[in-house]
Amino acid sequence: MLERLPELGRVLDALGEPRGLHAVGGTVRDLLLGSPGTDLDLVREGPVEELAGELAERLGGRAVLHGRFGTAVVTYDDGKHLDLIQARSETYPEPAALPVVEPGTIVDDLGRRDFTINAMAIPLPDGEVLDPFDGRGDLERKTIRVLHPRSFLDDPTRIFRAIRYESRLGFRMDHETEQLAREAIDAGLVRRLSGPRVREELIALLGEPEATTSILRMAELRLDQAVDPPLRAGLNAVQRLNRLRGLAAEYEVDAPAWRVALETLVEPGQGVDALALTKHDQRLVEGAPVTARELVDRELDGADLADLAARHAPDAPLLALAIRDDPRLRDWFERLRHVRLEVTGDDLAELGVREGPRVGEILAELRRRKLNGELDDREAELAAARELVADE
Ligand code: ATP
Ligand code: MG
């Protein structure tokens, strides 16, 4: 079976001998589903630091070690990477806190995982699938199932993961797993997660092609209202996001999929501090819904529209257009956003304007007129500039 993973061949050659490694998690799941990715998740019963270094050297890449113990990422060939971790057991001192980690066996390691379909291993170089929780059965039944009833209490991020796999694979949580997810959500456990952990889950969930399916599921489980900040998932958001994605493709808008998706879920005026986004992302995620509403509601001339649209561009005008198909906003995407003055400060200097604030003022006025369609070409811009200078 492992021969279906061509990438693994190279890694095995580089290893030379088996060294107690197993392929695990997503690697095994995707292999059994017949859609092997390029991600390699490997577990070793024993330390991995040295092995990671050796592998990196032989593959011509580099190894980065993480965390308290036993986690390494080997990156090679420009973008390929493999995760190498030491088999461990985990115990959760309290709900939603980070686990206490100790070295363990491969079976311990499978027992700390999120779902049965992710809790299988294949010994390298090739052996029988280790499958203590009947992950294979659940793959056939297209089921997402937790390993034990405390799973979502230990780690509520798994609820986001369950939804992500449901949507991506076209699977469904079994009745008990869904019940447990609802209980954890209704008990407020999601709010106990740190902002960065929620952020990472939202980015992963909203960044996938099937994000709209996940958004509906979030609403159904009331997960949207259970996070800080509260979000509003639902049919409205999904319809908006579908239109928004079409528009983003049409106008070749370059904004991360997760971010514009999040903006369809955030209520205008809602702060998103808790998510600890980068300054840039936070400004857009908070600003775009507010600015989009203004763009939809207000009567604006070309210049004012361009100024407002630019405030949280490209997200806000995109969101506004997804809310209401407005020809003025289409005009912004097709034309106005590309408008640049042809005259420059040098031209003004030639007309006798000395350096100083007046230069910026005249250029701003010219830009305003150009955006309002009053100036067609460089000649018209120069004529208007002359007039403004003469009026001094
Ligand atoms: P993807 O295709 O999205 O990468 P994946 O299954 O490889 O899916 P990762 O997030 O890369 O997911 O994690 C690798 C493996 O680690 C998972 O398959 C799962 O077994 C385990 N894992 C990840 N996150 C958790 C978690 N919160 N709780 C338990 N196990 C987890
Ligand atoms: Mg993975």
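For reference, each letter of the sequence shown is one residue, going 140 to 531 in the working numbering.
C-beta: ideal position from N, C-alpha, C; glycine also.
A quick note: this is a predicted structure, and the numbers were derived from the prediction, not measured.
For this session: Sort A522, L221, P264 and R508 by Cα distance to G441 and report the nearest one.
Result: On the sequence shown, position 302 is the one that residue 441 refers to. Of the listed residues, the one whose Cα sits closest to G441 is R508.
Exercise. Would you say V478 and L487 are within 7 Å of each other, going by their C-beta atoms?
Worked result: Position 339 of the sequence shown, counting from 1, holds the residue named residue 478. Position 348 of the sequence shown, counting from 1, holds the residue named residue 487. Not closer than 7 Å, so no.
Exercise. For the beta strand (DSSP E) that contains V203, what are its first and last residues?
Worked result: Within the sequence shown, residue 203 is the residue found at index 64, counting from 1. R201 to H205 is the span of the beta strand (DSSP E), which, as asked, contains V203.
Problem set entry | Boundaries of the beta strand (DSSP E) in which Q378 is found, first to last residue | Looking up residue 378 in the sequence shown gives position 239. For Q378, no beta strand (DSSP E) run applies; the uninterrupted alpha helix (DSSP H) run containing it begins and ends at L374 to E389, by DSSP.
For this session: Please name the residue or residues paired with K219 in a DSSP beta bridge.
Result: Position 80 of the sequence shown holds residue 219. Y215, per the DSSP bridge assignment.
Exercise. If you measure from the beta carbon of P262 to each beta carbon in chain B, is any gap under 7 Å?
Worked result: Protein chain content of the structure displayed is limited to a single chain, and chain B is not contained in it.
Problem set entry | Where the beta strand (DSSP E) through W492 begins and ends | As a working mapping, residue 492 is identified with position 353 in the sequence shown. The sequence shown places Val at residue 492, not Trp. That residue, V492, is in no beta strand (DSSP E); it is neither H nor E in DSSP.
For this session: On the DSSP bridge assignment, give the partners of H161 in chain order.
Result: Numbered from 1 along the sequence shown, position 22 holds the residue referred to as residue 161. DSSP lists V182 and P262 as the bridge partner or partners of H161.
Exercise. Taking C-beta to C-beta, are E349 and S306 nearer than 7 Å?
Worked result: Residue mapping note: residue 349 aligns to position 210 of the sequence shown, counting from 1. Residue mapping note: residue 306 aligns to position 167 of the sequence shown, counting from 1. Yes, the Cβ-Cβ distance between E349 and S306 is below 7 Å.
Problem set entry | C-alpha gap between V528 and V392, whole angstroms | If you number the sequence shown from 1, residue 528 lands on position 389. If you number the sequence shown from 1, residue 392 lands on position 253. Approximately 38 Å, taken between the alpha carbons.
Exercise. At a cut of 8 Å, does the region 249-265 reach the region 193-207 through at least three beta carbon pairs?
Worked result: In short, these stretches do not touch, since the Cβ pair count stays below three.
Problem set entry | Simplified DSSP assignment, three categories, for Q318 | Your numbering for residue 318 matches position 179 in the sequence shown. Helix, per DSSP.
Exercise. Taking C-alpha atoms, which residue in R251, A387 and A211 lies nearest to P271?
Worked result: As a first step, residue 271 is located in the sequence shown; it is residue number 132 there, counting from the start. Of the candidates R251, A387 and A211, the one whose C-alpha sits nearest the C-alpha of P271 is R251.
Exercise. Could you give the residue range of the alpha helix (DSSP H) that holds P466?
Worked result: Against the sequence shown, residue 466 aligns to sequence position 327. Run containing P466: P466 to E473, per the alpha helix (DSSP H) assignment.
Problem set entry | First through last residue of the beta strand (DSSP E) which encompasses R422 | For the purposes of this step, residue 422 is identified with residue 283 of the sequence shown, where counting begins at 1. Run containing R422: none in the beta strand (DSSP E); it sits in the alpha helix (DSSP H), K418 to D436.
Problem set entry | Residues that DSSP places opposite Q225 in a beta bridge | Counting from 1 along the sequence shown, the entry for residue 225 is found at position 86. BP columns for Q225 point to R183.
Problem set entry | Rounded Cβ spacing between L468 and L460 (contact assumed at less than 8 Å) | Counted from its first residue, the sequence shown places residue 468 at position 329. Counted from its first residue, the sequence shown places residue 460 at position 321. With a contact defined as Cβ atoms closer than 8 Å, L468 and L460 qualify at about 5 Å.
Exercise. Applying the criterion that 16 or more other CB atoms from any shown protein chain within 10 Å of the CB defines a buried residue, is H287 buried or exposed?
Worked result: Here residue 287 corresponds to residue number 148 of the sequence shown, with the count starting at 1. Within 10 angstroms of the beta-carbon of H287 lie fewer than 16 other beta-carbons, which makes it exposed.
Problem set entry | Stretch pair the region 165-173 + the region 182-191: three plus CB contacts closer than 8 Å | No, the region 165-173 does not touch the region 182-191.
Exercise. Is any heavy atom of the ligand MG found at a distance shorter than 6 Å from the C-beta of G274?
Worked result: Start at 1 with the first residue of the sequence shown, and residue 274 comes out as number 135. No, the beta carbon of G274 sits no closer than 6 Å to any heavy atom of the ligand MG.
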